[in-house]
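Residue numbers (our numbering): 1126 to 1256.
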């Protein structure tokens, strides 16, 4: 069975957290073996009042940042699941949601108590502006 439907379900939780203004951050981590790409961070940004997501890919020797719409970000991030990442961690003010791939590459979603008390600064700014 493919893990993509479970990752799509996880991405719906990402979209909900942004819509509900509870999003704190998203991290792709736990690589398979020793890879050049160490992790990826996704944070919201406002450029001239326009919402987008900043994706920072952290490599051994450099960081590359790119900006995407919410739907584009899914298309950019999805191929990295299973190659090289096994885990995606969504931090919200309501709970921490983890997408994990096991050794058989079956995806699961786990919810835990929240790590962050506050949403990201950009999400809070959007809330203040009524965006």
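In this text, a Cβ means the ideal position worked out from N, Cα and C, and glycines have one as well.
Please state whether DSSP places residue i in a helix, a strand or coil.
| i | result |
| --- | --- |
| residue 1254 | helix |
| residue 1169 | strand |
| residue 1132 | helix |
| residue 1157 | coil |
| residue 1146 | coil |
| residue 1258 | For the chain, the structure presents residues 1126 to 1256; residue 1258 sits outside this window and is missing. |
| residue 1231 | coil |
| residue 1141 | helix |
| residue 1236 | strand |
Using 9 angstroms as the threshold, is the C-beta distance between residue i and residue j below it?
| i | j | result |
| --- | --- | --- |
| residue 1150 | residue 1241 | yes |
| residue 1254 | residue 1128 | no |
| residue 1161 | residue 1184 | yes |
| residue 1182 | residue 1132 | no |
| residue 1194 | residue 1179 | no |
Can you tell me whether residue i is buried or exposed, with buried defined as 16 or more other CB within 10 angstroms of its CB?
| i | result |
| --- | --- |
| residue 1139 | buried |
| residue 1245 | buried |
| residue 1247 | buried |
| residue 1157 | exposed |
| residue 1192 | exposed |
| residue 1147 | buried |
| residue 1206 | buried |
| residue 1144 | exposed |
| residue 1217 | buried |
| residue 1249 | exposed |
| residue 1164 | buried |
For the beta strand (DSSP E) that residue i lies in, which residues bound it at each end?
| i | result |
| --- | --- |
| residue 1188 | 1188-1193 |
| residue 1177 | 1175-1184 |
Worksheet item: Any contact of the segment 1186-1205 with the segment 1138-1155, i.e. 3+ C-beta pairs under 8 angstroms?
Response: Flag = yes, the segment 1186-1205 and the segment 1138-1155 touch.
Worksheet item: So does the segment 1229-1244 actually touch the segment 1153-1168, counting three or more Cβ pairs closer than 8 angstroms?
Response: no
Discussion item. Three or more C-beta pairs under 8 angstroms: does that hold for the segment 1183-1190 against the segment 1204-1222?
Written reply: Segments in contact, no.
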